[in-house]
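Let me begin by presenting the structure, written as structure tokens, before commenting on it.
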Amino acid sequence: MRCYGHTLNLVARAFLFGKDAESFELESDINGMRGLVEQDLDHWRTKGPIGKVRSIVKFIRSSPQRSEQFKRVAREQDHEEYRLCEESTAELEVVMNNETRWNSTYMMIERALRKQIDIRAFIFATQEEEDGARQIPAEDILSSEDWRVLGEVNEILTPIYLQTMRTQGWGKGDSHGRLWEVLIGMEYLFGHFEDCKVFYCEVTEETTGETQVDAAEPIASASANFRESNGRPSRVRRLPARFEEDEVYALPQRSQPPRFVASALPLHSRADYSTAEKRSASETWQKSTLPADHRAYIRASINNGWKRLNEYYDKLGESPLFAAAIILHPRFGISWLEATWVSEEQLAWGRDAKVGIKDYFTRWYDANQGLCEETMKYDAAPRTMGQEDDQYTQWINSKTKKAFATSGSVGELERYLRLEPQDTQDAIQWWRDHRASFPSLSSFALDVFAIPAMASDCERQFSLANLTLTSQRLSMGSDTLEHVQCLKNWVRQGGVKLGSWVGS
Numbered sequence: 001m002r003c004y005g006h007t008l009n010l011v012a013r014a015f016l017f018g019k020d021a022e023s024f025e026l027e028s029d030i031n032g033m034r035g036l037v038e039q040d041l042d043h044w045r046t047k048g049p050i051g052k053v054r055s056i057v058k059f060i061r062s063s064p065q066r067s068e069q070f071k072r073v074a075r076e077q078d079h080e081e082y083r084l085c086e087e088s089t090a091e092l093e094v095v096m097n098n099e100t101r102w103n104s105t106y107m108m109i110e111r112a113l114r115k116q117i118d119i120r121a122f123i124f125a126t127q128e129e130e131d132g133a134r135q136i137p138a139e140d141i142l143s144s145e146d147w148r149v150l151g152e153v154n155e156i157l158t159p160i161y162l163q164t165m166r167t168q169g170w171g172k173g174d175s176h177g178r179l180w181e182v183l184i185g186m187e188y189l190f191g192h193f194e195d196c197k198v199f200y201c202e203v204t205e206e207t208t209g210e211t212q213v214d215a216a217e218p219i220a221s222a223s224a225n226f227r228e229s230n231g232r233p234s235r236v237r238r239l240p241a242r243f244e245e246d247e248v249y250a251l252p253q254r255s256q257p258p259r260f261v262a263s264a265l266p267l268h269s270r271a272d273y274s275t276a277e278k279r280s281a282s283e284t285w286q287k288s289t290l291p292a293d294h295r296a297y298i299r300a301s302i303n304n305g306w307k308r309l310n311e312y313y314d315k316l317g318e319s320p321l322f323a324a325a326i327i328l329h330p331r332f333g334i335s336w337l338e339a340t341w342v343s344e345e346q347l348a349w350g351r352d353a354k355v356g357i358k359d360y361f362t363r364w365y366d367a368n369q370g371l372c373e374e375t376m377k378y379d380a381a382p383r384t385m386g387q388e389d390d391q392y393t394q395w396i397n398s399k400t401k402k403a404f405a406t407s408g409s410v411g412e413l414e415r416y417l418r419l420e421p422q423d424t425q426d427a428i429q430w431w432r433d434h435r436a437s438f439p440s441l442s443s444f445a446l447d448v449f450a451i452p453a454m455a456s457d458c459e460r461q462f463s464l465a466n467l468t469l470t471s472q473r474l475s476m477g478s479d480t481l482e483h484v485q486c487l488k489n490w491v492r493q494g495g496v497k498l499g500s501w502v503g504s
């Protein structure tokens with residue numbers, strides 16, 4: 001079973017850096033260790049606006065003097081643009097991405113967008129410097145189109161970031177780290193990527209005659225390339241259901257063009273759209289002002305992220321517990337999978353999920369199997385004196401034995417699958433309340449929900465051991481260290497209360 005956060009990180013990196021994200025970041029690290037600053041900047045400039053943002057952030061953070069100059073410019077802008085109803089961003093620092101921290105590039109972009117006015121003012125201030133070394137290189141200056149692309153990239157990456165933050169901690173109640181959120185979260189991200197794919201694969205009259213970039217694939221061919229030659233079948237072989245009746249390259253048709261509302265646009269692009277009075281609302285909605293190369297860049301990024309997500313989605317079938325976590329959730333059950341997996345190949349996934357959970361449950365939680373076998377040692381149909389048909393009696397006994405066997409622990413699963421979805425927000429408490437009805441199945445469900453979606457909380461506890469095993473406690477044994485860490489975690493999670501009585 002793979003860490004969900006690690007999967008999300010790989011998807012985000014594939015979206016940002018392409019198929020070979022590891023090699024890209026490795027080359028950047030090598031340039032940094034060798035002190036090859038110019039080579040590293042040129043390397044990142046190949047990534048377009050994201051590389052430019054990183055170069056600007058690196059320029060600002062390269063010396064205390066530049067950092068102080070940026071803060072001074074930010075305070076001046078905050079004083080000029082002060083508004084009572086808006087939060088001040090003057091004291092916010094720009095964020096530098098790194099390889100080890102998940103979503104660090106997203107946070108760098110998000111912070112840059114919040115500090116866009118300050119960054120623009122800082123760039124303008126540095127360009128007035130006489131010393132060329134104190135100026136930001138011209139190739140790193142962000143244009144209006146670059147800022148617009150960063151805004152679009154930020155919108156696409158936001159669901160991935162929120163999924164990471166939601167599932168990074170130990171599960172509380174019914175969510176925030178439970179195993180059932182992995183498959184559902186990936187389905188949610190699939191829908192997000194597919195909608196973005198349709199949205200950015202539009203071809204308007206303005207761009208019909210333009211040269212198409214190789215990365216800008218039609219949806220049909222892109223979906224064909226996503227198919228795997230072996231293993232589980234590819235998840236999507238067609239457009240989303242709500243777009244099936246539309247042309248492949250066209251945006252979803254609307255009966256009326258949307259009403260243009262300038263206040264609904266981001267601040268960084270409001271002026272670009274609202275000043276063009278001749279531009280219709282439908283053209284604005286179709287992002288026709290975004291240059292063709294920028295649209296191709298976003299399309300290629302979406303395809304890369306989709307492929308990596310599909311790769312790890314297929315690997316969920318290697319363990320039956322991901323689907324079991326949804327099936328054993330009383331609010332979802334098997335009905336959720338049946339409503340989500342609707343194509344022929346996806347229906348096969350549903351059947352495989354039911355078989356997988358039944359086999360796993362029978363193998364590890366079939367506590368009543370021995371009891372059933374002991375119960376069936378007697379003759380179900382007592383023999384009587386006279387001319388009794390022995391073969392008939394044996395046939396009855398065999399059928400009765402099968403009936404008793406199916407009414408054991410396996411019967412718990414079958415009875416549960418027949419239930420309608422329950423109106424509950426806490427699956428853990430629901431299974432505790434129904435232990436009497438499902439003694440073995442409840443143990444199975446509680447064990448499944450005890451599996452975290454991500455390993456970050458476990459790694460966090462491991463890192464906290466450094467604060468316990470200090471240089472003054474080197475003689476502490478491993479058992480003592482384990483007990484201390486467990487108690488700290490239990491107290492933090494509210495599992496135990498210090499100073500209270502412990503029941504016998």
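Quick note on numbering: the UniProt record's numbering labels position 412 of the sequence shown as 412, and the sequence is numbered without any gaps.
Built from N, CA and C at the ideal position, the CB exists for glycine as well.
With a Cβ-Cβ cutoff of 8 angstroms, do residue i and residue j count as a contact?
i    : j    : result
A353 : P330 : no
W430 : L446 : no
M454 : G177 : yes
F199 : L309 : no
A121 : V53  : no
L183 : I326 : yes
M186 : Y313 : yes
T468 : Q493 : no
L189 : Q163 : yes
A12  : L157 : yes
E338 : G356 : no
S442 : H434 : yes
Quick one: using the 10 Å Cβ neighbour count with 16 as the cut-off for buried, is residue i buried or exposed?
i    : result
Q472 : exposed
W147 : buried
Y297 : buried
E99  : exposed
Y106 : buried
R111 : buried
E152 : buried
C201 : buried
V57  : buried
S437 : exposed
S62  : exposed
Q65  : exposed
R299 : buried
T275 : Note that T275 has pLDDT 48, beneath the 50 cutoff, so the model's placement of it is unreliable and no number is given.
K115 : buried
K197 : buried
E181 : buried
E205 : For E205, the predicted structure reports a pLDDT of 36, less than 50, and the residue's modelled location is therefore unreliable. A value from the coordinates is still provided. It is exposed - the Cβ of E205 has fewer than 16 other Cβ atoms within 10 Å.
Q253 : Legend: pLDDT at Q253 = 35, less than 50; position of this residue unreliable, no value from coordinates given.
Could you give the first and the last residue of the continuous alpha helix (DSSP H) run that contains residue i?
i    : result
K488 : S478 to Q493
H192 : W180 to Y200
H79  : P64 to E80
F15  : Y4 to F17
D146 : S144 to T167
K58  : P49 to R61
G356 : E344 to Y365
M108 : S104 to R114
S437 : Run containing S437: none; DSSP gives neither H nor E here.
F322 : L321 to I327
K307 : A292 to D314
Nearest to residue i by alpha carbon, out of the options?
i           : options                   : result
Q69         : A300, H192 and E129       : E129
L481        : G494, Q493, P452 and L464 : L464
A14         : A324, W490 and N303       : N303
D78         : C458, L92 and Q65         : L92
Q127        : L16, Q135 and F17         : Q135
L150        : Q65, I184, I123 and I50   : I50
D195        : E181, G495, E155 and W180 : E155
S144        : G333, L113 and A125       : L113
residue 506 : E80, I60 and N9           : What is shown of the chain runs 1 to 504, which leaves residue 506 out entirely.
T424        : D293, E311 and G333       : G333
Y360        : F444, F449 and I160       : F444
Q461        : N489, T470 and F59        : N489
P159        : E412, V491, N103 and I119 : N103
residue 583 : G191, D426, A138 and A324 : With the chain covering 1 to 504 only, the question about residue 583 has no answer from this structure.
A133        : F59, T362 and P452        : F59
N97         : S67, L16 and A90          : L16
P452        : D118, Q422, G169 and A90  : G169
L328        : Q346, D426 and L316       : D426
DSSP has residue i in a bridge; who is on the other side?
i    : result
P452 : R178
At a Cβ threshold of 8 angstroms, is residue i touching chain D?
i    : result
K497 : Absent here is chain D; the protein component of the structure consists of one chain.
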